[in-house]
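A short worksheet on the structure shown next.
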Amino acid sequence: MQPAQAALSRQISFRDWSLILMLGIIWGGSFFCARIAVQEVPPLVLVMFRVVIAATLLQFYLLMRNISFRPALDRAGSFLTLSILNNVIPFTLIFLGQTELGAGLSAVLNATTPFWTAILANMLTSDEKLGGLRLVGIMLGITGTAFMIGPGLFAGLGGPIWAKLCLIAAAISYGLGFIFARRFKDIPAPVVATGQLTGSSLVTIPLVLIFFDIDGMFSASAGAWAAIFMLAVVATAFAYIIYFQVLASAGATNTSLVTLIVPATAILLGAIFLGERLESFEIVGMAVIVLGLLTIDGRLARKFGF
1 MQPAQAALSR
11 QISFRDWSLI
21 LMLGIIWGGS
31 FFCARIAVQE
41 VPPLVLVMFR
51 VVIAATLLQF
61 YLLMRNISFR
71 PALDRAGSFL
81 TLSILNNVIP
91 FTLIFLGQTE
101 LGAGLSAVLN
111 ATTPFWTAIL
121 ANMLTSDEKL
131 GGLRLVGIML
141 GITGTAFMIG
151 PGLFAGLGGP
161 IWAKLCLIAA
171 AISYGLGFIF
181 ARRFKDIPAP
191 VVATGQLTGS
201 SLVTIPLVLI
211 FFDIDGMFSA
221 SAGAWAAIFM
231 LAVVATAFAY
241 IIYFQVLASA
251 GATNTSLVTL
261 IVPATAILLG
271 AIFLGERLES
281 FEIVGMAVIV
291 LGLLTIDGRL
301 ARKFGF
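Its first residue numbered 1, the sequence shown is counted upward by one per residue in UniProt numbering.
Structural data, given as structure tokens:
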């Protein structure tokens with residue numbers, strides 16, 4: 001049995017399904033929290049708060065688990081690059097886009113990350129080339145993204161184009177980050193996560209100190225601070241720990257199913273708590289993106305005997 005087939009045939013336990021669902025709710029909720037916080041906190045400042053708090057918590061996690069952080073220190077330059085590609089750029093673009101876009105739409109656009117990752121991997125790697133089904137899935141994803149932009153592409157409906165492009169650019173940056181992170185396969189995953197968040201902290205702190213007034217940096221409301229801490233503690237530090245637990249027991253392929261849960265969760269939370277209304281063309285786009293993800297996953301093909 002090939003590795004990919006083994007990953008797909010591996011049964012997911014009830015515990016792992018519960019953790020995958022929890023992870024989807026947490027990451028879907030991160031768009032909800034960001035939508036609240038970004039109304040009062042500049043995007044780059046919000047990124048700094050998120051990564052600094054999360055990095056601090058994960059450093060304590062490594063300390064409590066007696067896991068050495070030395071491998072990250074030995075390759076500090078590479079981790080700094082990873083932090084820029086996987087945290088600083090996408091976090092900033094996502095928060096910037098969310099100054100104009102709803103939580104649900106932001107999550108759906110961010111869900112295009114697997115498509116851009118596959119395209120970039122096909123161009124930049126020798127062992128992750130596109131197959132037929134994967135290519136079909138990518139095309140469905142791109143089509144879904146176009147549906148999400150919808151009439152706003154020409155008439156400005158459903159949010160400004162620049163905000164949607166910020167979310168798509170963030171997804172592309174994540175794709176580059178995933179490919180770059182391949183070089184850290186020899187380092188324990190918690191150390192990689194802590195290393196990239198620590199690197200992100202080292203990048204964002206001086207930028208914020210240079211371009212923003214320190215006196216007004218902590219003037220956000222209690223609600224905004226609650227959203228910031230939810231982003232950092234739950235959606236970043238705690239979510240990474242859950243992710244690593246599921247990854248170890250269910251495998252990467254099964255764990256990636258969380259990407260199908262995140263957009264729906266974000267849309268539901270946005271509708272319930274923020275009063276957001278999803279346009280019909282956005283719903284169609286979400287459905288096409290989900291279909292693309294299912295096609296890449298291969299479950300539809302197996303069901304219909306392809």
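For each residue, glycine too, the CB sits at the ideal point set by N, CA and C.
- Query: For A171 versus G97, is the C-beta spacing smaller than 7 Å?
  - Reply: Along the sequence shown, one-based indexing puts residue 171 at 171. Along the sequence shown, one-based indexing puts residue 97 at 97. Not closer than 7 Å, so no.
- Segment contact, 8 Å Cβ cut-off, at least three pairs: the segment 268-284 with the segment 43-56: no
- Query: I think T236 touches A54, with their Cβ atoms under 8 Å apart; what is that distance to the nearest whole Å?
  - Reply: Translated into the one-based positions of the sequence shown, residue 236 becomes position 236. Translated into the one-based positions of the sequence shown, residue 54 becomes position 54. The Cβ separation is near 4 Å, so the contact holds.
- Short check: CB of L19 to CB of V208, under 7 Å? Working through the sequence shown from its first residue, we reach residue 19 at position 19. Working through the sequence shown from its first residue, we reach residue 208 at position 208. Contact flag unset, no.
- Task: Please check the pair S200 and V108, which I expect to be a contact at CB under 8 Å, by giving their CB distance rounded to whole angstroms.
- Result: Taking the first residue of the sequence shown as position 1, residue 200 is located at position 200. Taking the first residue of the sequence shown as position 1, residue 108 is located at position 108. Going by Cβ atoms, the distance from S200 to V108 rounds to 25 Å, so no, they are not a contact pair.
- With a threshold of 16 other CB atoms inside 10 Å of the CB of G132, please say whether the residue is buried or exposed. By one-based count along the sequence shown, residue 132 stands at place 132. Classification for G132: exposed.
- Task: Check whether the Cβ atoms of G24 and T265 sit closer than 7 Å, and answer yes or no.
- Result: As a working mapping, residue 24 is identified with position 24 in the sequence shown. As a working mapping, residue 265 is identified with position 265 in the sequence shown. Yes, the pair counts as a contact, with Cβ atoms nearer than the cut-off.
- Item | 3 or more residues per run - each beta strand (DSSP E) lying fully within the UniProt domain "EamA" (19-149) | none
- Terminal residues of the continuous alpha helix (DSSP H) containing F212? Locating residue 212 in the sequence shown gives position 212, counting from the first residue. Premise fails: F212 is in no alpha helix (DSSP H) and is neither H nor E.
- Query: When you compare each of L140, F14, F32 and S13 to A271 by their alpha carbons, which one comes out closest?
  - Reply: Here residue 271 refers to the residue found at position 271 when the sequence shown is read from its first residue. Nearest C-alpha to A271: F32.
- Task: Mind listing, in chain order, the continuous alpha helix (DSSP H) runs of no fewer than 4 residues lying wholly within the UniProt domain "EamA" (162-295)?
- Result: 189-211, 222-229, 239-250, 252-255 and 262-273
- Item | Contact belief for A220 with V41 at Cβ below 8 Å, rounded distance in angstroms | Here residue 220 refers to the residue found at position 220 of the sequence shown. Here residue 41 refers to the residue found at position 41 of the sequence shown. With 8 Å as the limit, A220 and V41 qualify as a contact, their Cβ atoms being about 5 Å apart.
- Sub-7 Å separation of P71 and I161 beta-carbons: Here residue 71 is taken as the residue at index 71 of the sequence shown, counted from 1. Here residue 161 is taken as the residue at index 161 of the sequence shown, counted from 1. Cβ atoms of P71 and I161: not closer than 7 Å.
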